[in-house]
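A.B. asks:
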Amino acid sequence: MLNTRLDSSKDAKLSELNQRKLKRKAELKVLTCRIEEINQELIQIEAEHVAIHNTRVALLALPTEVTCLIFQFALGYHIPRHSEPFFEVTASHVCCQWRTISLAYPLLWTRFCYVNPKVFLRDLDRLDAYLDRSMPRGLELWLDFRETPPDDEVALLEKMLEHVERWKSFSVFTAGEDALVHHLHKIEHVFAPSLEHFAFSCELLDFSGSDDL
């Protein structure tokens with residue numbers, strides 16, 4: 002009889018604890034939603050604050066056409082062109098207004114430079130962004146494949162071949178003869194009507210033993 006009473010008491014206590022636990026979880030869910038709402042409100046308040054502050058900045062009061070001319074001048078002046086951070090990326094992260102202008106200005110995204118692998122998927126995503134933002138302008142492509150795994154080279158090249166009609170300048174640097182032959186075979190029959198400059202550079206190349214070149 003005593004054991005039965007003890008079991009009943011434990012069951013009652015467990016039931017009470019479960020009810021308290023469920024109640025606290027429900028309260029936590031409500032609080033979490035409220036915190037998210039407050040965070041969104043803070044973001045909106047900060048955006049409005051920055052927008053009002055930016056109206057006092059003379060540079061941001063320039064017509065969009067003038068801002069684009071400044072971007073274009075800075076793009077040509079930015080040295081070296083083949084290293085990060087790239088001007089177009091930097092400009093698009095300065096403020097909301099510059100980002101809006103830069104993303105809608107195709108000439109800012111016509112030059113794509115790939116220099117050594119860092120995070121390949123990020124580079125592939127970056128290429129997608131450049132191809133999309135630069136439409137329908139001609140492309141200037143500069144690719145340093147000397148330290149790039151072969152599969153990554155192929156992925157980048159195939160992505161660019163989808164836009165071969167837009168190629169204006171195409172430069173590739175490879176580390177070996179096999180890579181050069183492979184890339185040449187990939188592009189030997191493509192039609193690039195807008196191409197003005199084409200260059201392949203290969204290290205340690207010996208033509209004497211190759212029948213493919």
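Mapping to our numbering: the sequence shown position 16 is 17, numbers consecutive.
Just so you know, even glycine gets a beta-carbon here, dropped at the ideal spot from N, CA and C.
Which runs of the beta strand (DSSP E) fall wholly inside the region 116–203 and span at least 3 residues, in chain order?
C.D. replies: Counting whole runs of 3 or more residues, the region 116–203 contains the beta strand (DSSP E) stretches 140–145, 168–175, 198–203.
A.B. asks: Does DSSP put Cys69 in a helix, in a strand, or in coil?
C.D. replies: For the purposes of this step, residue 69 is taken as residue 68 along the sequence shown, with counting starting at 1. Helix at Cys69.
A.B. asks: Thinking Leu140 and His164 are a contact (beta carbons under 8 Å), I'd like their distance in whole angstroms, please.
C.D. replies: By one-based count along the sequence shown, residue 140 stands at place 139. By one-based count along the sequence shown, residue 164 stands at place 163. The pair is a contact, with the Cβ atoms about 6 Å apart (cut-off 8 Å).
A.B. asks: With DSSP run on the structure shown, which of helix, strand or coil describes Cys97?
C.D. replies: Looking up residue 97 in the sequence shown gives position 96. In the structure shown, Cys97 sits in a helix (DSSP, three-state: H, G or I).
A.B. asks: Going by beta-carbon coordinates alone, are Glu154 and Phe146 separated by less than 7 Å?
C.D. replies: Locating residue 154 in the sequence shown gives position 153, counting from the first residue. Locating residue 146 in the sequence shown gives position 145, counting from the first residue. Going by C-beta atoms, Glu154 is nearer than 7 Å to Phe146.
A.B. asks: Could you tell me which whole alpha helix (DSSP H) segments of length 4 or greater appear in the region 4–79?
C.D. replies: The qualifying runs are 65–78.
A.B. asks: Pick out whichever of Met161, Glu166, Leu142, Ala176 has its Cα sitting closest to the Cα of Glu148.
C.D. replies: Working through the sequence shown from its first residue, we reach residue 148 at position 147. Here the closest residue by C-alpha is Ala176.
A.B. asks: With the cut-off set at 7 Å, would you say Phe88 and Leu76 are in Cβ contact?
C.D. replies: Taking the first residue of the sequence shown as position 1, residue 88 is located at position 87. Taking the first residue of the sequence shown as position 1, residue 76 is located at position 75. In contact: Phe88 and Leu76 (Cβ atoms closer than 7 Å).
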